[in-house]
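A short worksheet on the structure shown next.
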Amino acid sequence: MRATAATISDLVAEALRVESLVPGLKGPKGAHLCNMDLGYSERFYPIGYPIEILTNEPLVLTAARESFGHARLVRNNEPLQIRFGVCRGREGSVCPPEPMRREFNHLYSLVADAENQAILDLRTGLNFTWLSQAAISNRLYLRHNFLEKVVYLLLGALVVTDLHAACISKNGKGVLLCGDSGAGKSTLAYACAREGWIYTSDDTSYLVNDCDPPRVIGHCHRARFRPTASLLFPELKGLPLTPRMEGKLSIEVLSAELPVAHCADEATVDSIVFLKRYSGAVGRLERLPAGSATERFCKELHSSGEIRAKHEEMLEKFREVSTYELEYSDLRDGVRMLDLLTDTA
Numbered sequence: 005m006r007a008t009a010a011t012i013s014d015l016v017a018e019a020l021r022v023e024s025l026v027p028g029l030k031g032p033k034g035a036h037l038c039n040m041d042l043g044y045s046e047r048f049y050p051i052g053y054p055i056e057i058l059t060n061e062p063l064v065l066t067a068a069r070e071s072f073g074h075a076r077l078v079r080n081n082e083p084l085q086i087r088f089g090v091c092r093g094r095e096g097s098v099c100p101p102e103p104m105r106r107e108f109n110h111l112y113s114l115v116a117d118a119e120n121q122a123i124l125d126l127r128t129g130l131n132f133t134w135l136s137q138a139a140i141s142n143r144l145y146l147r148h149n150f151l152e153k154v155v156y157l158l159l160g161a162l163v164v165t166d167l168h169a170a171c172i173s174k175n176g177k178g179v180l181l182c183g184d185s186g187a188g189k190s191t192l193a194y195a196c197a198r199e200g201w202i203y204t205s206d207d208t209s210y211l212v213n214d215c216d217p218p219r220v221i222g223h224c225h226r227a228r229f230r231p232t233a234s235l236l237f238p239e240l241k242g243l244p245l246t247p248r249m250e251g252k253l254s255i256e257v258l259s260a261e262l263p264v265a266h267c268a269d270e271a272t273v274d275s276i277v278f279l280k281r282y283s284g285a286v287g288r289l290e291r292l293p294a295g296s297a298t299e300r301f302c303k304e305l306h307s308s309g310e311i312r313a314k315h316e317e318m319l320e321k322f323r324e325v326s327t328y329e330l331e332y333s334d335l336r337d338g339v340r341m342l343d344l345l346t347d348t349a
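Numbers given in my numbering equal positions in the sequence shown, counted from 1, plus 4.
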C-alpha cells in the first residue's frame with residue numbers, strides 16, 4: 005500500500021509541476037496541457053501530401069522547413085494536422101534520449117521521457133506531441149526523432165505504404181532495388197544515376213495506396229550513404245557525417261550537388277530486383293516466382309492489426325510485377341545487369 009500511495013503522490017506532484025511550467029494554464033486542464041494555444045502554423049508537402057503543422061513554438065516550424073521545405077510534388081488531399089506543444093521543462097539543456105516506440109493495433113506512441121512524447125491514432129490521423137525546450141534546441145534530434153517520425157508514420161498509415169527499397173528508372177521503366185541492410189541499395193541506385201538513370205529514392209520508397217498500376221514516391225532531392233561509400237565515389241570524400249537514429253552515421257547530400265542528371269519524385273514499378281551482394285559474384289540476374297516480392301515485403305512490415313492488414317492488401321499490387329534476384333560484387337556489374345533488364349524488359 006505504501007508503494008501505491010507513493011506512486012499516486014508522485015503523479016500528483018508531476019502534474020502540478022507541469023502546470024507551473026506553462027503560463028496561463030491552471031487547474032486539472034492546465035496540468036494535462038489540453039488548453040495549450042497552438043498559435044503558429046504552416047503548410048508543408050512531404051512526399052507531396054499536404055500537412056499543416058500547428059505549434060506554440062516557432063522553432064518547430066523552422067525545423068519543419070528543413071525537413072519538408074524541399075517539396076515540389078503537390079497532391080490535392082485534405083491537409084493532415086500535426087500538433088506540437090512545447091513547454092519549458094526542467095532546468096538544463098541535456099538532449100533527451102531516443103524515444104521508445106510502442107504500437108497496439110492503430111494506436112502508436114513515442115516516449116523519450118516524461119516531457120517528450122507523442123501519441124498517434126493511425127486510423128484517424130489524430131495526434132499530439134509534447135516536447136521540452138531541451139528537445140527542440142537540438143534540431144537534428146527534433147527532426148529525426150519526432151517531427152519526421154510522426155509525419156511519415158501517419159502518412160504511412162493513411163495514404164502510402166513504406167518500402168525498404170531504392171527506386172531508379174530508365175527507358176520509362178521503374179525498378180525497385182530491395183534487400184537486407186548492406187545489400188547495396190543506395191550505392192547501386194546512385195551508381196546507376198551517375199550513368200544517366202533517373203533517380204527517385206535511395207533507401208525508402210512509398211507505394212501510393214490509391215494508384216494502380218503501382219507507383220512509388222521517393223526523396224529524390226537528397227541522397228544518403230553509409231560512411232564507407234566515400235571509398236566508392238570520390239565526390240563524397242570529406243563530406244560531414246550526420247548522426248541518425250540508433251546512433252548510426254550517414255553522409256547526407258542534396259542531389260543537386262551530385263553528378264545526377266535526372267531526378268523524379270515518382271516512378272512506376274515495372275520490375276523489382278532483390279540484391280545479393282557478395283565477394284566473387286560475377287553479375288547474374290535470375291527471375292523469381294510470381295508473388296515473391298509481395299511475400300518478402302509483407303515480412304518486412306512493422307505495422308500491426310488493421311493497419312498491417314491494409315498494408316498487406318496494398319502489397320498485393322506487386323504479385324504480378326516481374327521480380328528478380330541480382331547477384332553481384334562490383335558496382336559496374338550491377339549497373340550492367342540492370343541496363344540489360346530495362347533494355348530487354
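Built from N, CA and C at the ideal position, the CB exists for glycine as well.
Legend entry - Bounding residues of the beta strand (DSSP E) (the contiguous stretch that carries M104): Here residue 104 corresponds to residue number 100 of the sequence shown, with the count starting at 1. Unbroken beta strand (DSSP E) run through M104: 104 to 108.
Inset, instruction - Compare the Cα-Cα distances from L262 to each of L240, R291, S254 and report the closest residue. - result: On the sequence shown, position 258 is the one that residue 262 refers to. Here the closest residue by C-alpha is L240.
Inset, instruction - Compute the Euclidean distance between the alpha carbons of A227 and Y44, then round it to the nearest angstrom. - result: For this step, residue 227 is matched to residue 223 along the sequence shown. For this step, residue 44 is matched to residue 40 along the sequence shown. C-alpha separation (whole angstroms): 31 Å.
Inset, instruction - State the Cα-Cα distance for the pair F72 and P62, rounded to the nearest angstrom. - result: Taking the first residue of the sequence shown as position 1, residue 72 is located at position 68. Taking the first residue of the sequence shown as position 1, residue 62 is located at position 58. When rounded, the distance between both Cα atoms is 15 Å.
Inset, instruction - Indicate whether S259 and C215 have their beta-carbon atoms separated by less than 8 Å. - result: Here residue 259 refers to the residue found at position 255 when the sequence shown is read from its first residue. Here residue 215 refers to the residue found at position 211 when the sequence shown is read from its first residue. Not closer than 8 Å, so no.
Inset, instruction - Could you tell me how far apart the beta carbons of I51 and I86 are, in whole angstroms, since I believe they sit closer than 8 Å? - result: Looking up residue 51 in the sequence shown gives position 47. Looking up residue 86 in the sequence shown gives position 82. No, I51 and I86 are not in contact; Cβ-Cβ is about 14 Å, not under 8 Å.
Inset, instruction - Express the C-alpha separation of G222 and S209 in angstroms, rounding to a whole number. - result: On the sequence shown, residue 209 is found 205 positions in, with the first residue counted as 1. On the sequence shown, residue 222 is found 218 positions in, with the first residue counted as 1. Those two C-alpha atoms are separated by around 5 Å.
Inset, instruction - Please report the residue range of the beta strand (DSSP E) in which D117 lies. - result: As a first step, residue 117 is located in the sequence shown; it is residue number 113 there, counting from the start. Counting along the chain, the beta strand (DSSP E) containing D117 begins and ends at 111 to 117.
Legend entry - Cβ contact check for the region 318 to 333 and the region 264 to 281: 3 or more pairs under 8 Å: yes
Legend entry - I221: first and last residue of the uninterrupted beta strand (DSSP E) it sits in: The residue you call residue 221 lines up with position 217 of the sequence shown. Note, I221: beta strand (DSSP E), 219 to 222.
Legend entry - With 16 other Cβ atoms within 10 Å as the buried cut-off, status of M318: Walking along the sequence shown from the start, residue 318 turns up at place 314. Classification of M318: buried, given that the 10 Å Cβ count is 16 or more.
Inset, instruction - Closer than 6 Å by C-beta to G287: which residues in its own chain qualify, once you throw out the five before and the five after it? Chain order, please. - result: Counting from one through the sequence shown, the residue named residue 287 turns up at place 283. Cβ neighbours of G287 beyond the five flanking positions: Y332, D337, M341.
Inset, instruction - Mind checking which residues open and close the alpha helix (DSSP H) that includes I311? - result: One-based indexing of the sequence shown puts residue 311 at position 307. Note, I311: alpha helix (DSSP H), 309 to 319.
Inset, instruction - Kindly give me the distance between the Cβ atoms of T128 and F88, rounded to whole angstroms, as I take these residues to be in contact under 8 Å. - result: Locating residue 128 in the sequence shown gives position 124, counting from the first residue. Locating residue 88 in the sequence shown gives position 84, counting from the first residue. That belief does not hold up - the Cβ atoms of T128 and F88 are roughly 18 Å apart, past 8 Å.
Legend entry - Spatial neighbours of S136 in its chain, beta-carbon cut-off 8 Å, leaving aside the 5 residues before and after: Residue mapping note: residue 136 aligns to position 132 of the sequence shown, counting from 1. V90, C91, R92, G93, R94, P100, E119, N120, listed in sequence order.
Inset, instruction - Starting from V155, trace the beta strand (DSSP E) both ways and give me its first and last residue. - result: The residue given as residue 155 occupies position 151 in the sequence shown. Note, V155: premise wrong, no beta strand (DSSP E); alpha helix (DSSP H) at 152 to 162.
Legend entry - Contacts around L124, its chain only, beta-carbon distance under 7 Å, and the 5 residues preceding and following it disregarded: Counting from one through the sequence shown, the residue named residue 124 turns up at place 120. Taken in chain order, the residues that qualify are Y112, N131, V154, L157, L158.
Inset, instruction - Classify L148 as helix, strand or coil using the three-state DSSP reduction. - result: Translated into the one-based positions of the sequence shown, residue 148 becomes position 144. Sequence inspection shows His at residue 148; the Leu mentioned does not correspond to that position. Residue state, collapsed to three classes: helix.
Inset, instruction - Could you name the residues that DSSP lists as bridge partners for I353? - result: What the structure shows of the chain is the stretch from 5 to 349, and residue 353 is not part of that stretch, so it cannot be assessed.
Legend entry - Under the three-state DSSP convention, the category K303 falls into: Residue numbering aside, residue 303 sits at position 299 when the sequence shown is read from its first letter. In this structure, K303 counts as helix in the three-state DSSP scheme.
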